[in-house]
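According to full-length UniProt numbering, the sequence shown holds residues 1 to 947 in order.
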Amino acid sequence: MARTPQVSSNHFVLVRSRRLYYRVKMETIAHTSIVVACCLINERGPQGRPQIWFRSTFVRRLGSSWEPQTPNHWHLFIPYSTPEDITASLETNAMQRVLLFMFLLVQVSCLLNDPISTTPSRLPQTAQMKNPPNSLFQGLTAPYPTNQWWSASGTGDGTFPAAGPYPYQYKKQSQSINIGVGENRQITDGTTLRMYLNTDLAIGATEFAASTPTQKAVYWDELSVHIQYTSGQAAMTAVLVQGNPYFTLRYESATVKVFFDTIRLFDTINGQTLTFNDAIYSGSSFTLTNNAGNTWLIYVLGGTSISFSATREHLYATSPFTGVIRFAFYNQSVPSQKNTYDTYSGTFPTGVTFSRTVSNDVATINYNFKTEGDGKTPLLMMTFPHHRDVMTAPAVDGTIQILTTKGYMKSVVGNSWSFRYDLPTVQWNAPRPIETSCVNTLIGYLQSEINSAVSPVSQDFYAWGVEASKFARLALMADQVGRQDLVQQIITKLRNSFAPWYDPSTCPPGANCAVPAYDVMWGGIVSNKTLNDPGLEFGNGFYADHHFHYGYWIYAYATLIKYDPSFRKDHDFLAQELIRDFANPSKVDPYFPPARHFDHFHGHSWASGIAFGGSDRNQESTSEAVNSYYALSLYALVVQNDDLYQWARILMAQEIKTAQRYWHLYDSNSDPHPQDPSYPRESSYNVTENFSTFANLASGAGSSAGAWTFFGNNPTYISGIELIPITPVSELLVDVPWAKRSFSACQADLKNVGQEWETLLQLARSTFDPAGAWGRLQQLNFYGNGGSASNSLYFAATRPTTPAGMCGPIPTSTQAPSTVPAPSTTRQISSTVTTRSVAPTTSTAAASTVTSQAPAPSTTTSSFSNSNHVASSLTNGVPTEATQTSNSAREQTHTTAVLPSSAGRTSASVLGWPSTEANTNASLSSGSSTTLVSFTSLLLLVLLSVS
1 MARTPQVSSN HFVLVRSRRL YYRVKMETIA HTSIVVACCL INERGPQGRP QIWFRSTFVR
61 RLGSSWEPQT PNHWHLFIPY STPEDITASL ETNAMQRVLL FMFLLVQVSC LLNDPISTTP
121 SRLPQTAQMK NPPNSLFQGL TAPYPTNQWW SASGTGDGTF PAAGPYPYQY KKQSQSINIG
181 VGENRQITDG TTLRMYLNTD LAIGATEFAA STPTQKAVYW DELSVHIQYT SGQAAMTAVL
241 VQGNPYFTLR YESATVKVFF DTIRLFDTIN GQTLTFNDAI YSGSSFTLTN NAGNTWLIYV
301 LGGTSISFSA TREHLYATSP FTGVIRFAFY NQSVPSQKNT YDTYSGTFPT GVTFSRTVSN
361 DVATINYNFK TEGDGKTPLL MMTFPHHRDV MTAPAVDGTI QILTTKGYMK SVVGNSWSFR
421 YDLPTVQWNA PRPIETSCVN TLIGYLQSEI NSAVSPVSQD FYAWGVEASK FARLALMADQ
481 VGRQDLVQQI ITKLRNSFAP WYDPSTCPPG ANCAVPAYDV MWGGIVSNKT LNDPGLEFGN
541 GFYADHHFHY GYWIYAYATL IKYDPSFRKD HDFLAQELIR DFANPSKVDP YFPPARHFDH
601 FHGHSWASGI AFGGSDRNQE STSEAVNSYY ALSLYALVVQ NDDLYQWARI LMAQEIKTAQ
661 RYWHLYDSNS DPHPQDPSYP RESSYNVTEN FSTFANLASG AGSSAGAWTF FGNNPTYISG
721 IELIPITPVS ELLVDVPWAK RSFSACQADL KNVGQEWETL LQLARSTFDP AGAWGRLQQL
781 NFYGNGGSAS NSLYFAATRP TTPAGMCGPI PTSTQAPSTV PAPSTTRQIS STVTTRSVAP
841 TTSTAAASTV TSQAPAPSTT TSSFSNSNHV ASSLTNGVPT EATQTSNSAR EQTHTTAVLP
901 SSAGRTSASV LGWPSTEANT NASLSSGSST TLVSFTSLLL LVLLSVS
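Here is the structure:
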């Protein structure tokens, strides 16, 4: 979509090369511009002309050709597309030569948000017609957000409640936007902490009743969306920014209308009792109460006065209004809150720009809020607990506190936020060697499991990815123990398994392999079999769980090209497209949205997509979310893209942080944040003393945190879903205090679940009792479709507390023992999975006996499937009796649309991939990592260019 260029407070210049725009960050030293970094911007000026943008006071010296737009904000239009043309267009003075130098430097410098690619998809085209984008996106072109906090407004009828902007939530209605805050925080059905959304105010304009307004998203970014209602000359724009403690609306020639929602009548305005007869109240600020005991403050900005004709049912402005009105929820039991609201009401946020830097495995993330208003008042915003854990500036003000399901939101004052994250450093293997005494046993398991492994068939993204990533783990472990013969054996099987993804004609007869296709409606990669039914492949065709699905795929692919670099040449395009789908680092990419799943305010991903009117935003398996960004980091290592590597680590660090903050629960003795808890104690029920894990967090029709899963409420399922898959990075996610609580909470339940689930809890146990876990793991005989005996024992043998000699006498060689496990029976994975199903088996009690001989794996088969959004068992984020019925009433008649071939794509009905030129994108080629220019050398080059 075309967006107005947004300028940050940093000095920068924007230049253009070919079809891309480079924003170059600058520092000014003695009026000389020094380039320190750059990123790509996709902006054009009037008539499609590219622009160079400046923000720095010294630009005034350039003369009259630079036109001021706002104070300290200039632009220059250059309608050329090559370095030579730009050079010819610039005057030959010193500053212009500096600009040329910066342009040349841009060619070898980049930042974290460089696009992976800007080329069209090479996959067959398809179209999601069952849940297409609605009129919110009228006049715009894909890609569109599918998993963001406000995505419910853009699909179906657009009326499902949005997951924000916190501390508020809104529902978009035909003539109004209805707002409220979460209420009645309580435990429901013994498993779920829940707050209910009861909207207090419906805000619109009287003109909208006479002529239903059009509704359109006119702007969005990582934290914000602006939704404009227009009827004739009357317009109302909701300026929605996460963390804004005021609900802000901009009116243009519209008569403000505020009316009660549901049964919540107004009681008083400015202390005067309201009746059902109109009375006039005038001013620039108002205090409105209702019969639910809630109080709302109303501010009219700019010193403007407005008159309302008010009753218990409505407030109607007496004439059309142009300006900004803000609403704030006020807790009258804390009178100081009103003083804070009054003080900071004059400045409001309209959006945000991000900057990210990495140094010595530490990331600094800055949120720079774009503001409007009086230009004098600093910005008041609200933070979640996870923000405050890593926030270095500004200091927490805290005079306003609003309780949510994620603890208290607390106020801060400042136009910019800064965060400090320690980044994960785990790469392919555990960050320490395998305990020497365990190596021989591990080799025995590896040899057996690799010999008996049968290449999985690509019947769906998730099931195949789970199995393929197991093959990748086997290869990596075999490499670490020096068995290159085993590495090549399993890599050959893995390579063969990839074939149908690229050539559907190689799919085994009757297997019904999944064929990925590019959805032109939303802009993303979907499985071609899933466009009509959100229950297929866990809603893949409706953008649910893509980071889970494609994360496993990328993990397997990254490992394959690590050991077989030649495979990348003709196959990398699909890996790139899958990454662009779920973890795109750039807003420049014209075919995929940025960071589809990740919520930059909540600090974690949302798994649910566009099915059933957008429904609740929810995520179940944080460990699979972490795995997706971990897989991305490994891919970036292989292709030597440092920018992508840092991007992946930043996402991973945030996902780990919020998983431990909101999904992992701690008792009073182990809570790492006792002064700022995620779940404050209730007088009647203490969440953290009764649960060890919340397995599902949701927001939409209220908000919830549930100790349940979509496939059952067994404690082992609840903790286990936060553990899969176990990889080297798991040690950063699975913290010892939580692992101890989870293992203890699940002891009695282990006899009720299959061994694949006990495996996960034993691996949690290995973080504090590796010897006990090692012994019990060898007594099991099924480790899950994506698990293996080798990987389980490897994890136990590489813990920080693994004792020397844990597995017996230290061997004198690393040859496999004379007796190795017998091959296991091949397990087939169903191509269509609609629930997370678990085949219960009986397991014996945990034992800590250490054995050095690997037992023969059993031929037991089981299904260890995973979904994050099975709508048939969910209503508003909580399983209820009513949701056990069919969702057929929600389904609509649908005919799959296959669009004609164009732009290098072919019809989805054609087998095989389109014959197109190889992707010429160079951003992922070897050597694309960030070029670092020393300050001394850079200064010398600039001085030479000026002299």
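Glycine included, C-beta positions come from ideal geometry on N, C-alpha and C.
Sort Lys657, Ile525, Glu655 by Cα distance to Phe592 and report the nearest one.
That would be Ile525, whose Cα lies nearest to the Cα of Phe592.
CA-CA distance, Arg661 and Asn713?
Cα to Cα, Arg661 sits roughly 21 Å from Asn713.
Would you list the residues sitting across from Val256 in a DSSP beta bridge?
In the DSSP output, where bridge partners are listed per residue, Val256 has Ala205.
When you compare each of Ile298, Ala310, Arg264, Ile269 to Ile292 by their alpha carbons, which one comes out closest?
Checking the sequence, you will find Ala at residue 292 rather than Ile. Selected option, being the one with the closest Cα: Arg264.
If the criterion is Cβ atoms closer than 9 Å, does the pair Ala152 and Gly613 meet it?
Cβ distance < 9 Å, so Ala152 and Gly613 count as in contact.
Indicate the three-state DSSP secondary structure (helix, strand or coil) for Trp553 in the structure shown.
Of the three classes helix, strand and coil, the one that applies to Trp553 here is helix, per DSSP.
What are the boundary residues of the alpha helix (DSSP H) that Ala764 is part of?
Ala764 -> alpha helix (DSSP H) spans 755-765.
Count the CB pairs spanning the region 257-271 and the region 398-412 that are closer than 8 Å, and state whether there are at least three.
They do not touch, by the three-pair rule.
Quick one: Cα of Ala235 to Cα of Ser253, how far?
Near 7 Å, if we compare the C-alpha coordinates of Ser253 and Ala235.
Is the region 473-487 close to the region 511-520, with three or more CB pairs under 8 Å?
They do not touch, by the three-pair rule.
Can you have a look at Ile491 and say buried or exposed, based on whether 16 or more other CB atoms are within 10 angstroms of its CB?
When all chains shown are included, Ile491 counts as buried.
Is it right to say Thr275 is buried, meaning 16 or more other beta carbons lie within 10 angstroms of its own, or is it exposed?
Thr275 should be labelled exposed.
In the DSSP output, which residue or residues are listed as bridge partners for Asn366?
Its beta-bridge partners are Ser355, Ser418.
Leaving out five residues before and five after Ser121 in sequence, what residues of the same chain have Cβ atoms less than 8 Å from its Cβ?
Only Tyr518, Ile525, Glu577, Tyr591, Arg905 meet the Cβ criterion.
What is the DSSP secondary structure of Ile116, counted as helix, strand or coil?
In this structure, Ile116 counts as coil in the three-state DSSP scheme.
Comparing C-alpha positions only, which one of Pro803, Leu197, Thr287, Leu634 sits nearest to Tyr563?
That would be Leu634, whose Cα lies nearest to the Cα of Tyr563.
Would Gln215 pass as a contact of Trp606 if the rule is Cβ separation under 9 Å?
No; because the gap between Cβ atoms is not below 9 Å, this pair is not in contact.
Val736 to Thr767, Cα distance in whole Å?
Straight-line Cα distance between these residues: approximately 6 Å.
If you compare alpha carbons, which of Thr436, Glu655, Asn791, Ile434 is closest to Glu756?
When each option's Cα is compared against that of Glu756, the closest is Asn791.
Whole-angstrom Cβ separation of Leu197 and Gln242, contact assumed at under 8 Å?
About 16 Å separates the two Cβ atoms, so there is no contact after all.
Thinking C-alpha only, which one of Tyr144, Ile179, Phe782, Arg799 is nearest Thr159?
When each option's Cα is compared against that of Thr159, the closest is Ile179.
Per DSSP, which one or two residues make a beta bridge with His226?
Paired residue(s): Tyr219, Val239.
I'd like the span of the alpha helix (DSSP H) that includes Trp774, first residue to last.
Trp774 -> alpha helix (DSSP H) spans 770-779.
Apart from the five residues just before and just after Ser282, which ones in its own chain have a Cβ nearer than 8 Å to its Cβ?
Closer than 8 Å at the Cβ level, and outside the excluded window around Ser282, lie Ser305, Ile306, Ser307, Phe308.
Given a threshold of 16 other Cβ atoms within 10 Å of its Cβ, counted over all protein chains shown, does Pro133 qualify as buried or as exposed?
Its Cβ being crowded by 16 or more others within 10 Å, Pro133 is buried.
Using the three-state DSSP reduction, which class does Ile41 fall into: helix, strand or coil?
Note on Ile41: pLDDT 35, under 50, position unreliable in the model; the coordinate value appears next. DSSP places Ile41 in strand when its eight states are reduced to three.
Look at the alpha carbon of Leu651 and the alpha carbon of Glu207, and state the distance between them as a whole number of angstroms.
For Leu651 and Glu207, the distance between alpha carbons rounds to 45 Å.
Here's a check: name, in chain order, each residue in its chain whose Cβ is nearer than 7 Å to the Cβ of Tyr645, leaving out the five neighbours to either side.
Correct list, in chain order: Ser633, Ala636, Leu637.
Would you be able to state if there are at least three C-beta pairs under 8 Å between the region 785-802 and the region 411-424?
These segments do not touch.
In this structure, how does DSSP classify Tyr502 when only helix, strand and coil are distinguished?
Looking at Tyr502 - three-state DSSP - the assignment turns out to be helix.
Drop a sphere of 10 angstroms on the beta-carbon of Thr311, count the other beta-carbons inside from all chains shown, and report buried for 16 or more, exposed for fewer.
The residue in question, Thr311, is buried, as its Cβ has 16 or more Cβ neighbours within 10 Å.
DSSP on Glu682, reduced to helix/strand/coil?
It is coil, neither helix nor strand.
Check each candidate in Tyr502, Tyr316, Asp278 and name the one with the smallest Cα separation from Phe567.
The candidate whose alpha carbon is nearest that of Phe567 is Tyr502.
Looking only at its own chain, which residues have a Cβ that is under 7 Å from the Cβ of Asn131, when we skip the five neighbours before and after it?
Within the same chain, Asn131 has close Cβ partners Thr155, Gly156, Phe542, Ile610, Ala611.
Is it buried or exposed, Asn339, if we count other Cβ atoms within 10 angstroms and call 16 or more buried?
Asn339 is exposed by the Cβ-count criterion.
Mapping DSSP to helix, strand and coil, what is Val515?
Note: Val515 maps to coil in three-state DSSP.
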